[in-house]
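Presented below is the structure to which this report refers.
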Amino acid sequence: DPLDQIVKQQSQKETPEEDLKPEDYQQFKNLGSACLTRGDNVQLLKFVQDEKNQVVLLLPDELLHSLLELIEDIDPAAISETVIALVPHLKTVLLRMEGRKAARVGLVLAALQKQLLRLPVPYTQQQEEADEYGLCCCCTALAEFIKSFVEEVKGKDGNSVTTAEDEELRTELLKFCMRSLREPLLEAELNRNRKSSLWIFATEIMVTLPAIQVSLSELLFFSSLKKSTVMDKSQSKESRACLAYLLFVQLITIDSFPAVFSPVFVLQCNMEYINELLSRYAESHLLKGLALYGKSLESVQDNSLPVSLLELKSFYSVPQVRRRESGLQVFQLFINKLDAEAKHKFFRCMLKVSNHAGVESYIVKNIKNQVEFSMKPGNANKWFLGEDFLSLLGLVLSLPQGAETDLLNSMDRIMESLNLLRYLLIRDKEPWSNTDVWEELGRMKDEYLKMLRVCISISRPYYSAELKALREDQKLKAKEARDAARSTRLVKSLTVKHENVSDMSPEVQHQVLQSALVTFDLMESLIVRIEEITEEKLKIQN
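The opening position of the sequence shown corresponds to residue 1 in the UniProt record's numbering, with each subsequent residue numbered one higher.
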C-alpha cells in the first residue's frame, strides 16, 4: 500500500535537523494528502505524535505550511471534512512549540477561517440542523482548538510576569474572535431560546474575550478613543455591532457586564452599531439592527432624551429603515423617548430630509398626537402650542412640488396633514393664547388648501382619462380575443396603448387608477369639511 510505505519511510527517518531536505517535507505533504484522501486521520495523527518525528516538529514553519497547503483552494465540498481532520494535528504541532508560538497560532487561525468564509452560512433552523456544508461542525472544532491557547494566557495571574509572547497570543486570539463575530455570527440567525451549534459558538466567543482579558465595555464603548492596529476598521465596526447584539439582545454574558452605564449612554454608544447594521441590505443585518435598537431604547425613560443627542447623525439616518412592522414599532419607541423639544426638532428634520411619503405621514400623525397631548392639563409646552409650533406646521402644510405634486404617491402624508389641520381648527383657540398665531394658522390653511385644490383639478382629469383608456383597451383586447378564437388563431401578444403603469397587470392598473379617483374624493371631502369648520368659527366670533 503506497500510504503504508510513506508512513513507514517517515517513521524510520532519524535525520538531524540540519540534514532535512525539501523532499522530506514533500514526503510529509504526500502523507497528509494520502491520509486525507482516504479519510485515515489516525495515521496522520500517529505520525505527528511519534517521538521519532520530533526533529520535523522542531521546524514549525515548514511543517505548518505543509499542513496548511493541504487546504489551500480545496474544493468547497471537501472544506469541512479537511478542516475537521487537520485541526487536532495542527493543535498538537502548535502545543509542542516553544517561542514564536503566537504568530503560528495566528497563521493557523487565519488560514482556517479563510476557508470557512467559502462556506454558506445556514440561516434557518432546518439548514443549521442539516449542516449540509459542515460550517457548524467546523465552528465547533475551532472553538475546541483555541481552548488550550486561551488557557495559556488565562493562567497568567496578577503576580505572573506577562511576556511579549503572551500579549501577542492575546492579540491573535482577539483577531480570531472579531473575525468570528463578523463571519459567520453576524450572518447567522441566533435565538437564545434555541441553543443551536452556532449559538454555542457565539457563547464560546463571548466567554473567550474576557478570558483573554479583553474588556467588553472598553471594546464596545471606548474603542474609538484608541488607535486600532488589530484589524481593519470596517471589519471592527461590524464585529463590534455583532458583539453588541449578542450582549444586549441575546444577553450572552450580560450578567458579568458592568451595570454602571446609564441607559442613555448605552443607547448613544450603540447608535453607531445600529446604524451600521441598518445600512446593510442583508436580512440578518437588518433584523439584528432593529432588535438592538429596540433593546437599547427599552430601558430609557419616556420623554427623557434631550435635544442634544440629536446632534448625532445616526439618530437621523436610522429611522429611514421603515420597511417592516417591527421597524415601525422601534421607530415609535424612539419617538416616545424624546422630550418635547427633541421631538419638535426631530420631526422638523425628518420632514425636510426623509423623501419618503410613508415616513412623513407617520411623522405628521405623531405631530397630531403631540398637539393633543400638549393640550391636556399639565402638559402645555411651547414646542407644540403657539408660535414655535407654527414653524413645524409650516413644513406639514406644504407641497414642495407645488401644482406638479404627485397626489397618489403623497396620499398618506396629505391625508394625515388634512386630519391634523381639521383637528387644530375644531379646538378652541384659547390654548394658542395668541391672536396673531391663530391668524397665521388661518393663512397657512388657506394657502395649503388652495394649492391642494389646484393639484386635484390637474390630477383628476388625468387619472380619469387613464382609466377610460384602460377600459377601452380591455374591451378592444376582449374583442380581438373573441375574433381570434372564432378564426382558430392563437393570439400570442396584445399591444398595450397606455404605458404609465405598464408594469402592472390590467386588473391592478384598474384598481390603482380607481383608488386614485377615490382618494381625490376623500381629499376634497376633507377640504370641504375644513372650510365648513372655519366658517362656523367665524360665525361664533362675530
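Backbone N, C-alpha and C define an ideal beta-carbon position, used for all residues, glycine too.
Every value quoted in this text rests on a predicted model; they were computed, and no experiment measured them.
When the beta-carbon positions are compared, Asn-381 and Ala-340 come within less than 7 Å of each other. In the same chain as Val-371, and ignoring 5 residues on each side of it, the C-beta atoms closer than 8 Å to its own belong to Phe-384, Leu-385, Phe-389, Leu-420, Tyr-423 and Leu-424, in chain order. Within the segment 170 to 239, the complete alpha helix (DSSP H) segments of 4 residues or longer fall at 197 to 211 and 216 to 221, listed in chain order. Cβ contact annotation for Val-214 (same chain, cutoff 7 Å, sequence separation greater than five): Leu-174, in chain order.
Between Leu-297 and Leu-247, the C-beta gap is not smaller than 7 Å, which leaves the two residues out of contact. Judged by DSSP in its simplified three-state form, Leu-305 adopts strand. Assignment of beta-bridge partners to Leu-338 by DSSP yields Leu-305. In the three-state reduction of the DSSP assignment, Met-411 falls in the helix class, which pools H, G and I. Proximity to Ile-458 across Ile-274, Thr-405 and Trp-438 peaks at Thr-405, based on C-alpha coordinates. By the Cβ test, the segment 278 to 287 is not in contact with the segment 354 to 374, since fewer than three Cβ pairs between them sit closer than 8 Å.
The C-beta distance from Met-444 to Leu-397 rounds to 5 Å, short enough to meet the 8 Å contact threshold. For Leu-220, same chain residues with a beta-carbon under 7 Å away, outside a window of 5 residues either side, are Arg-240, Leu-243, Ala-244 and Cys-269 in chain order. With respect to the 7 Å criterion, Arg-182 and Glu-238 are classified as neighbours on the basis of their beta carbons. In the DSSP assignment, Glu-81 falls within the unbroken alpha helix (DSSP H) covering 79 to 96. Taking C-beta separations shorter than 7 Å and ignoring five residues to either side along the sequence, the partners of Leu-513 in its chain run Tyr-463, Glu-466, Leu-467 and Leu-470, following chain order. Taking C-beta separations shorter than 8 Å and ignoring five residues to either side along the sequence, the partners of Ile-456 in its chain run Leu-407, Phe-520, Met-523 and Glu-524, following chain order. When the alpha-carbon of Trp-199 is set against those of Phe-149, Ile-146, Glu-128 and Glu-167, the nearest one is in Glu-128. CA-CA distance, Pro-400 to Arg-280, rounds to 30 Å. Of the residues Leu-116, Pro-306 and Glu-151, the one whose Cα lies closest to the Cα of Cys-136 is Leu-116.
Between Glu-189 and Tyr-123, the CB-CB gap stays under 7 Å. Gly-294 places its beta carbon 7 Å or farther from that of Val-264. If the five residues before and after Val-437 are omitted, its C-beta is found closer than 7 Å to the C-beta atoms of Gly-386, Glu-387 and Leu-390, all from its own chain and listed in chain order. Lys-345 is not a Cβ neighbour of Leu-395, given a cutoff of 7 Å. In this model, Arg-194 and Asp-75 are separated by some 32 Å (Cα to Cα). Here DSSP, grouped into helix, strand and coil, assigns Ala-516 to helix.
Here the C-alpha atom of Met-451 lies approximately 7 Å from the C-alpha atom of Ala-403. Nearest C-alpha to Phe-257 among Leu-278, Gln-301 and Met-206: Met-206. Rounded to whole angstroms, the Cβ separation of Ala-130 and Val-83 is 18 Å, and the two are not in contact under 8 Å.
Annotation for Ala-380: no alpha helix (DSSP H) segment contains it, and DSSP assigns it neither H nor E.
A Cβ-Cβ separation of about 6 Å places Ala-143 in contact with Phe-201 under the 8 Å criterion.
Following the DSSP letters along the chain, one finds Met-504 in no alpha helix (DSSP H), marked with neither H nor E.
Counting C-beta atoms within 10 angstroms of its own C-beta, Thr-208 has 16 or more neighbours from the protein chains shown and is therefore classed as buried. In terms of CA proximity to Ala-259, Leu-216 leads the group Lys-154, Arg-529, Cys-139 and Leu-216.
If you look at Asn-355, you'll find it isn't in any alpha helix (DSSP H); DSSP assigns it neither H nor E. Secondary structure of Pro-120 (DSSP, three-state): coil.
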